[in-house]
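Peer 1:
There are 2 protein chains.
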Amino acid sequence: MTERWLRTGEVAEAAGVNAQTLRYYHRRGLLEEPLRSNGGHRLYPPETVTALRVIKAAQRLGFTLDEVADLIEAGGHRHGRPDSGLRARTAAKLAEVEQKIEDLRAIRQTLLQAVDAGCDDLVACAASPCCPLPFAELTEGVRHAGAG
Amino acid sequence: MTERWLRTGEVAEAAGVNAQTLRYYHRRGLLEEPLRSNGGHRLYPPETVTALRVIKAAQRLGFTLDEVADLIEAGGHRHGRPDSGLRARTAAKLAEVEQKIEDLRAIRQTLLQAVDAGCDDLVACAASPCCPLPFAELTEGVRHAGAG
DNA sequence: GGTAAACCCGTACCTGGGTACAGGATGCAA
DNA sequence: TTGCATCCTGTACCCAGGTACGGGTTTACC
Chain A
129 MTERWLRTGE
139 VAEAAGVNAQ
149 TLRYYHRRGL
159 LEEPLRSNGG
169 HRLYPPETVT
179 ALRVIKAAQR
189 LGFTLDEVAD
199 LIEAGGHRHG
209 RPDSGLRART
219 AAKLAEVEQK
229 IEDLRAIRQT
239 LLQAVDAGCD
249 DLVACAASPC
259 CPLPFAELTE
269 GVRHAGAG
Chain B
129 MTERWLRTGE
139 VAEAAGVNAQ
149 TLRYYHRRGL
159 LEEPLRSNGG
169 HRLYPPETVT
179 ALRVIKAAQR
189 LGFTLDEVAD
199 LIEAGGHRHG
209 RPDSGLRART
219 AAKLAEVEQK
229 IEDLRAIRQT
239 LLQAVDAGCD
249 DLVACAASPC
259 CPLPFAELTE
269 GVRHAGAG
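Chains as they are written, first to last, in this note's numbering: chain A, 129 to 276; chain B, 129 to 276.
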């Protein structure tokens, strides 16, 4: 297998990311530092493109970069152990996503009610007991949601 | 009506926000600068607490602070016009929230499939054509979603 | 060997929504 | 009048996930 080394710009292009992002991922521990040319330029094996696609796929599924680093780390040195922990982490993320969906559905309901009620003045709404908008403190509940 | 002026700390406490947040909202144009004492301390009318609750309620519904400033602005000087634009903005936000829910549901589906398929190794998955994880570039579509 | 593109590094900046800190002035009660 | 809580200002920092800039090499091709 002839290995055709790729330069930073080629890897970035092939994976659809900014070249600076590669450096950033090295700093974050998501990608190993590759070989260097005599002049100090990075030379990547083609697998790096796959690695970047894996990172991006995980990110699209809602994993933070720290979590992605963790997934990679766990997958990396499992030395024949049958369970990398990926299944458990995926299940946990699934629960997280479902919670977020629930939070957004509650928000959706409230917005729908506001539209139905024809709310047209926040100050008046805040003073009116029949306005559906939740002006009171929510000490519990939908806290970390935020749709924007 | 005797007006009982409130100090920064009292307003913050009553509205459940940090005192620094008040200054931040002044800077962002969400709250008018209030009167000052001779010594320069801010003196708020009690309505400010309501204003803060309105801001927080809008934020919980997914409006950004810029959007909240806009809503307030629009509501403020409508000079008898029948439509403040609040209804339209609420409907727009509703559509945005619904889109986010859809994006998260797609993510949820993918995570479910990954759990069902028993994916346990990202590198192997990326190489396997039968893995449900979307490693390919998504040039269109779920772009601004991200569940984390 | 010349030249332009690509690369190197360190560092600063961006968004969004705040929070913290330092050093000095005020407010209020005893 | 003393003492302490609270307030003032400007500025820096936090999170995540990058992106941009500037000045200086290196590579690649003619």
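C-beta: ideal position from N, C-alpha, C; glycine also.
Since this is a predicted model, take the numbers as computed values, not measurements.
Please list, in chain order, the chain A residues whose beta carbon lies closer than 9 Å to that of Val145(B).
Peer 2: Stepping through the second sequence from its first residue, residue 145(B) is reached at position 17. Those within 9 Å of Val145(B) in chain A number zero; the least Cβ separation is about 10 Å.
Peer 1: Taking 8 Å as the threshold, find out whether the segment 252-265 of chain B comes into contact with the segment 175-191 of chain A through three or more Cβ pairs.
Peer 2: Yes, the segment 252-265 of chain B is in contact with the segment 175-191 of chain A.
Peer 1: Going by CA-CA distance only, name the one from Thr238(A), Lys221(A), Asp248(A) that's closest to Gln237(B).
Peer 2: As a position in the second sequence, residue 237(B) is number 109, starting the count at 1. It is Lys221(A).
Peer 1: Might you give, ordered along the chain, the residues of its own chain that have their beta carbon closer than 7 Å to the beta carbon of Arg132(B), omitting 5 neighbours on each side?
Peer 2: Here residue 132(B) refers to the residue found at position 4 when the second sequence is read from its first residue. Cβ within range, chain order: Pro174.
Peer 1: Would you please verify whether the beta carbon of Val225(B) is less than 8 Å from any beta carbon of chain A?
Peer 2: By 1-based counting over the second sequence, the position of residue 225(B) is 97. Chain A contact via Cβ: present.
Peer 1: Find the residues of chain B that neighbour Val139(A), judging by a C-beta separation of less than 9 Å, and give them in chain order.
Peer 2: In the first sequence, residue 139(A) corresponds to position 11, counting from 1. Under the 9 Å cutoff, chain B gives no residues; its nearest Cβ is about 14 Å from Val139(A).
Peer 1: Is the distance from the Cβ of Ile229(A) to the Cβ of Ile229(B) below 8 Å?
Peer 2: Along the first sequence, read from residue 1 onward, the residue named residue 229(A) stands at position 101. Along the second sequence, read from residue 1 onward, the residue named residue 229(B) stands at position 101. Closer than 8 Å, so yes.
Peer 1: Using the beta-carbon of each residue, which ones in chain A are nearer than 8 Å to Ser212(B)?
Peer 2: Mapped onto the second sequence, residue 212(B) falls at position 84. Within 8 Å Cβ-Cβ: Asp248, Asp249.
Peer 1: By the DSSP assignment, the alpha helix (DSSP H) with Gly203(B) in it spans what residues?
Peer 2: Position 75 of the second sequence, counting from 1, holds the residue named residue 203(B). Where Gly203(B) is concerned, the enclosing alpha helix (DSSP H) stretches over 193-204.
Peer 1: How far does the alpha helix (DSSP H) with Cys253(A) in it reach, from first residue to last?
Peer 2: Here residue 253(A) refers to the residue found at position 125 of the first sequence. Here the alpha helix (DSSP H) through Cys253(A) covers 250-255.
Peer 1: Exposed or buried, Cys247(B), counting other C-beta atoms within 10 Å across all chains shown (16 or more means buried)?
Peer 2: On the second sequence, residue 247(B) is found 119 positions in, with the first residue counted as 1. It is buried - the Cβ of Cys247(B) has at least 16 other Cβ atoms within 10 Å.
Peer 1: Have a look at the DSSP bridge pairing and note the partners of Tyr172(B).
Peer 2: Looking up residue 172(B) in the second sequence gives position 44. In the DSSP output, where bridge partners are listed per residue, Tyr172(B) has Leu134(B).
Peer 1: Between which two residues does the alpha helix (DSSP H) containing Ala264(B) stretch?
Peer 2: For this step, residue 264(B) is matched to residue 136 along the second sequence. It is not in any alpha helix (DSSP H) - Ala264(B) carries neither H nor E in the DSSP assignment.
Peer 1: Can you tell me whether DSSP reads Leu159(B) as helix, strand or coil?
Peer 2: Here residue 159(B) refers to the residue found at position 31 when the second sequence is read from its first residue. Correct three-state label for Leu159(B): coil.
Peer 1: Return the chain-ordered list of same chain residues with a C-beta closer than 8 Å to the C-beta of Ala140(A), the five sequence neighbours on each side being excluded.
Peer 2: As a first step, residue 140(A) must be located in the first sequence, where it is residue number 12. Hits under 8 Å: Asn146, Ala147, Thr149, Leu150.
Peer 1: Tell me which residues of the segment 169-181 of chain A have at least one Cβ-Cβ distance to chain B shorter than 7 Å, keeping chain order.
Peer 2: So the list reads Thr178, Arg181, given in the order they occur along the chain.
Peer 1: Count the other CB atoms within 10 Å of the CB of Arg271(B); is the residue buried (16 or more) or exposed (fewer)?
Peer 2: Along the second sequence, one-based indexing puts residue 271(B) at 143. The pLDDT assigned to Arg271(B) is 38, lower than 50, so where the model puts this residue is not dependable, and the model offers no usable value.
Peer 1: What does the Cβ neighbour count give for Arg188(B), buried or exposed, with the cut at 16 atoms within 10 Å?
Peer 2: For the purposes of this step, residue 188(B) is identified with residue 60 of the second sequence, where counting begins at 1. Answer is buried; the Cβ neighbour count reaches 16.
Peer 1: Straight-line CA distance for Gly144(B) to Phe191(B)?
Peer 2: Looking up residue 144(B) in the second sequence gives position 16. Looking up residue 191(B) in the second sequence gives position 63. Rounded to whole angstroms, Gly144(B) to Phe191(B) spans 19 Å at the Cα level.
Peer 1: In chain B, which residues lie with their C-beta within 8 Å of the C-beta of Thr218(A)?
Peer 2: Your numbering for residue 218(A) matches position 90 in the first sequence. Neighbours of Thr218(A) on chain B, chain order: Leu239, Ala242, Val243, Cys247.
Peer 1: Quick check: is the beta carbon of Gly157(A) nearer than 8 Å to any beta carbon in chain B?
Peer 2: The count along the first sequence starts at 1 and reaches residue 157(A) at position 29. No - not a single Cβ of chain B is within 8 Å of the one on Gly157(A).
Peer 1: Compute the Euclidean distance between the alpha carbons of Arg215(A) and Val196(B), then round it to the nearest angstrom.
Peer 2: In the first sequence, counting from the first residue as 1, residue 215(A) sits at position 87. In the second sequence, counting from the first residue as 1, residue 196(B) sits at position 68. Cα to Cα, Arg215(A) sits roughly 41 Å from Val196(B).
Peer 1: Where do the ends of the alpha helix (DSSP H) carrying Arg217(A) lie?
Peer 2: Working through the first sequence from its first residue, we reach residue 217(A) at position 89. Its alpha helix (DSSP H) spans residues 214-245.
Peer 1: Find the nearest neighbour of Asp198(B) within the set Thr218(B), Gly208(B), Pro210(B), judged by alpha-carbon distance.
Peer 2: Position 70 of the second sequence, counting from 1, holds the residue named residue 198(B). Comparing Cα-Cα distances from Asp198(B) to each of Thr218(B), Gly208(B), Pro210(B), the minimum goes to Thr218(B).
Peer 1: Given that Arg236(A) touches chain B, what residues does it touch there, using C-beta distances under 7 Å?
Peer 2: Locating residue 236(A) in the first sequence gives position 108, counting from the first residue. Ordered by position in chain B, the residues that pass the 7 Å Cβ test against Arg236(A) are Leu222, Val225, Glu226, Ile229.
Peer 1: According to the Cβ coordinates, are Asp176(B) and Leu193(B) closer than 8 Å?
Peer 2: What you label residue 176(B) is simply residue 48 of the second sequence in a count that begins at 1. What you label residue 193(B) is simply residue 65 of the second sequence in a count that begins at 1. As written in the sequence, residue 176(B) is Thr, which differs from the Asp given in the question. Cβ atoms of Thr176(B) and Leu193(B): not closer than 8 Å.
Peer 1: Excluding sequence positions up to five away, which residues of its chain have a Cβ less than 6 Å from the Cβ of Gly157(B)?
Peer 2: Position 29 of the second sequence holds residue 157(B). Ala197, listed in sequence order.
Peer 1: Give me the Cα-Cα distance between Arg164(B) and Arg155(B), rounded to the nearest whole angstrom.
Peer 2: Counted from its first residue, the second sequence places residue 164(B) at position 36. Counted from its first residue, the second sequence places residue 155(B) at position 27. Roughly 16 Å between the two C-alpha positions.
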